[in-house]
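With mature numbering (1 follows the signal peptide of the UniProt record, and there is no 0) applied, the sequence shown covers -25 to -1, 1 to 260.
Single-structure report; data block below.
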Amino acid sequence: MKAKFIVPWMIIGTCLTLFTAPTRAELPEYFTDASSKEYRDLLYHLRALLPPDTVPKDNPLAYSFFIMPYAPLDVRPTKFTNPEYRAKFANFNFGAIGAMYIDAPQYVKNLAAVVLCQNDACHREKAENVAAFIQVAEAELKRLANSEQLTLVQQSNDKLFRINNAFFAGPSVTVYEPSAIAGFVPSARMTQFERIEQAPSEIAQLPALSMPLRKLMGAHNIAAIERHNDGKLNIIVAGFADNQYGAVWKNSGITLPSTGDTNSAGFEYQKLLPISAKAFYYQTN
């Protein structure tokens, strides 16, 4: 199966529509007038946070660093209740952000396909790699599954990482509040602290709390791990938009879903392999 994408010129046209006070009929089905304004405000914020001219046009990989799962440009609509809309928005945002930062539409079009396997040998190798991470990180995975402080751990590198809705960059941290209508994170509603120690204690303690797990994630090239209320952990190795691969782990045991089922983000499982009684490998598309 090929990676799904939206034609870049269509995305650019839709973005222009969003920026010109659109009527309801012109909006994508998952937008309202209010949520489109939230997204518009967010795009202005992201342009100020990471001006497009700071991303080298001749090095599109610099852009991909910021759009990986749960990184600063990977906007999530946390209040969308329709899984299909969450998946559609993921692809829309991927293209919209790409159109804002990259002059190479073909690169944006093909980037998501880079992480997808096209044969069983590739899937087996990736499943073995994520299984190796689970084996060495199981103690930390158990701590995360039972944590009251940590729900999401994302790491681009040891200086740029996200814990829950707090984005850490060197000595500073920006804490986002989900937007009121769509629940966008990041959003235009944020509090910035130049020094981490200036943040409230529940925020300032997050780097130390997550450090043991982040070290293991860095050693095994794991992009993000999110905890769900039922104790499941979604271990995302890599991906862009709804094209991702990784593993789902649950300490008490887990049932292998079926191909075509969707995960909590609305992304469709394209390939599934059992790893153990506690985990399975997946690829979404």
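For every residue, glycine included, the Cβ atom is placed at its ideal position computed from N, Cα and C.
{"Query": "Tell me where the beta strand (DSSP E) around lysine 246 begins and ends.", "Result": "244 to 251"}
{"Query": "Compute the distance between the beta-carbons of alanine 199 and leucine 119, then report whether it is under 8 Å.", "Result": "no"}
{"Query": "Check phenylalanine 55 in the structure and name its three-state DSSP category.", "Result": "coil"}
{"Query": "Pick from Arg99, Cys92, Pro161: whose alpha carbon is nearest that of asparagine 68?", "Result": "Pro161"}
{"Query": "What does DSSP give as the partner residue(s) for glutamate 201 in the beta ladder?", "Result": "Leu127, Asn209"}
{"Query": "For threonine 7, does the count of other Cβ atoms within 10 angstroms reach 16, so buried, or fall short, so exposed?", "Result": "exposed"}
{"Query": "In three-state terms, what does DSSP make of glycine 158?", "Result": "coil"}
{"Query": "Hey, how far is the Cα of tyrosine 5 from the Cα of proline 52?", "Result": "10 Å"}
{"Query": "If I measure Cβ to Cβ from threonine 166 and keep anything under 6 Å in the same chain, skipping five residues before and after, which residues do I get?", "Result": "Val150"}
{"Query": "Give me the DSSP bridge partner(s) of serine 11.", "Result": "BP columns for serine 11 are empty, so no partner."}
{"Query": "Can you check DSSP and say which residues form a bridge with valine 148?", "Result": "Phe143, Phe168"}
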